[in-house]
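Numbering (the working numbering), first residue to last: 226 to 475.
If you want it as structure tokens, here you go:
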């Protein structure tokens, strides 16, 4: 077998694996447009780069004329192991970095990744719906902050150490349970008209399409980690998210 044919066979297999990995990441663990918010394209580029480019290239290099079958078997096995290890590492990094929750606290939604939870010493959720992390997200939820002396002390500690109140599963509740807290904290139409008229037009169009009035929705900022701010439109009657708009509210 010529080195060109060997490299082409390897390339075909690698492309198939890369496509499968891309579909799993983009449409399984992540959901658009959130895939773009946590460096998903970079992770995917690293996986594809190693799997589709370096693997077949190394095969082309090692399949030199004159090598024995034993030498070729060893070289190709080593390349396969390295490529498999890189693919597993990339998939694991993507899986642990997936967005699981968008947590409402004091008028703002905060994105939470899977690897930000499960911190030692942080209270775990006692509710069944939050006992395990979702495979894809983010799921929009709220928090019920503690009122007991110990609970308030723990909350102060979490905030001081940088954990914050939105990375503590013990406080997590469905969004419907904090609906009353959300009333009056959304951005009004007048505020959006001053801060971002283009966003206001999109919200108006969304409400017209959904046949809802401004009195039935809440518009809130979504902190997209270190990439700025998006906007979340919530149906307050049902405590469900209508849409996430990739525009800042200010």
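Note that CB positions come from ideal geometry on N, CA and C, so glycine has one too. Please read all numbers here as calculations on a predicted model, not as lab measurements.
Following the DSSP letters along the chain, one finds residue 324 in no alpha helix (DSSP H) but inside the beta strand (DSSP E) bounded by residues 324-330. Looking at the DSSP output, residue 450 shares a beta bridge with no other residue.
Contact between the stretch 300-310 and the stretch 247-261 is absent: fewer than three C-beta pairs spanning the two stretches fall below 8 Å.
The count of Cβ pairs closer than 8 Å, one atom from the stretch 269-287 and one from the stretch 228-242, reaches three, so the stretches are in contact.
By the beta-carbon neighbour count (other beta carbons within 10 angstroms, threshold 16), residue 429 is exposed. In the DSSP assignment, residue 399 falls within the unbroken beta strand (DSSP E) covering 397-399. The Cβ neighbour count for residue 338, taken over all protein chains shown within 10 Å, is at least 16; the residue is labelled buried. For residue 299, the uninterrupted alpha helix (DSSP H) segment begins and ends at 294-321.
Taking a C-beta distance under 7 Å as the contact criterion, residue 469 and residue 457 qualify as a contact pair.
A direct Cα-Cα distance of roughly 13 Å separates residue 358 from residue 395. For residue 468, no alpha helix (DSSP H) run applies; the uninterrupted beta strand (DSSP E) run containing it begins and ends at 465-470, by DSSP. DSSP, read as helix, strand or coil, puts residue 273 in helix. Assignment of beta-bridge partners to residue 365 by DSSP yields 327. In this structure the stretch 373-385 does not lie against the stretch 416-433, because fewer than three pairs of beta carbons, one per stretch, are closer than 8 Å.
Bridge partners of residue 335 according to DSSP: 328, 448. CA-CA distance, residue 454 to residue 330, rounds to 15 Å. If you draw a straight line from the Cα of residue 403 to the Cα of residue 266, it comes to about 34 Å.
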